[in-house]
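Residue numbering for the sequence shown follows the working numbering, starting at 831 and increasing by one per position. C-beta: ideal position from N, C-alpha, C; glycine also. Contents: one structure, followed by commentary.
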Amino acid sequence: MASVTDTQFPSGRKIVVFSNTVARTDTSAKALFVVPAGAVFSRLWITGTAASNATQANLSVGSTGGAGTNFLSAFPVTAPLGTGQSMPSSVTLLGELGTPAVEFTATYAESGTASTSGGPWTIYVEALTV
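Here it is, written out as structure tokens:
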């Protein structure tokens, strides 16, 4: 019986989850973590302990050297989405990240009445690495 061998990834790939927190004070791009070159970006989700009480508050996830919103743009973290676990359907660029390694960043932004409470929120990225 013939066998099938994966010549590109003979040892397979590993599922790795990267995470870091974002606070209401992170109003400019905060470096979260670096995903290694060649990884396949498969999922992003957010958890929060308390929704922002600003009139409007959003999290954006991007990359260093990118637009700051190239993975997720203006995801609301006011009630009801600011607490519990959220799996935004608007995540973009799923698939291979290529080279070089990608540093993920996140930014908190609000408008209207300023917040006095909320967060922190944890950003999780699942990737397949070699």
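Since residue i is in the beta strand (DSSP E), which residue starts that stretch and which ends it?
i, result
"N888", "886–893"
"R873", "870–878"
"A931", "First-last for A931: undefined, no H or E at that position."
"G914", "914–916"
"T851", "844–852"
"L958", "951–959"
"P866", "Taken as a continuous stretch (DSSP letters only), P866 belongs to no beta strand (DSSP E), as it is neither H nor E."
"A881", "First-last for A881: undefined, no H or E at that position."
"A904", "902–906"
Apart from the five residues just before and just after residue i, which ones in its own chain have a Cβ nearer than 7 Å to its Cβ?
i, result
"T943", "A884, T885"
"T899", "S890, G892"
"S940", "Correcting the residue identity first, residue 940 is Glu in this sequence and not Ser. The residues are S882, A884, Q886, A887."
"E933", "A861, V864, S893, T894"
"T913", "G878, T879, A880, A881"
"A904", "N888, S890"
"L924", "F871, S872"
"S841", "none"
So, under 8 Å CB-CB, residue i and residue j are touching, yes? Tell me the CB distance rounded to an integer number of Å.
i, j, result
"F871", "A957", "5 Å"
"A881", "A909", "4 Å"
"G868", "T946", "43 Å between Cβ atoms; not a contact."
Taking 8 Å as the threshold (C-beta atoms), are residue j and residue i in contact?
i, j, result
"R843", "T959", "yes"
"K860", "A931", "no"
"G948", "R854", "yes"
"Y938", "T857", "yes"
Could you name the residues of the same chain whose beta carbon sits closer than 8 Å to that of residue i, not counting the 5 residues immediately before and after it, in chain order?
i, result
"V907", "I876, G878, A881, S882, A887, N888, L889, Y938, G948, G949, W951"
Does the distance between the C-beta of residue i and the nearest non-hydrogen atom of the ligand MG fall short of 7 Å?
i, result
"A939", "Absence of the ligand MG from the depicted structure is noted, as is the absence of any ligand whatsoever, leaving it without description."
Note down, in chain order, each residue of its chain lying with its Cβ closer than 6 Å to the Cβ of residue i, except the 5 sequence neighbours on either side.
i, result
"E926", "V870"
"P866", "A931, T959"
"L911", "none"
- [ ] Kindly confirm or deny that the segment 861–877 and the segment 948–955 touch, where touching means at least three C-beta pairs closer than 8 Å.
- [x] yes
Open item on the list: Assess contact between the segment 912–920 and the segment 843–861, defined as three or more Cβ pairs (one per stretch) separated by less than 8 Å. Is contact present?
Closed with: no
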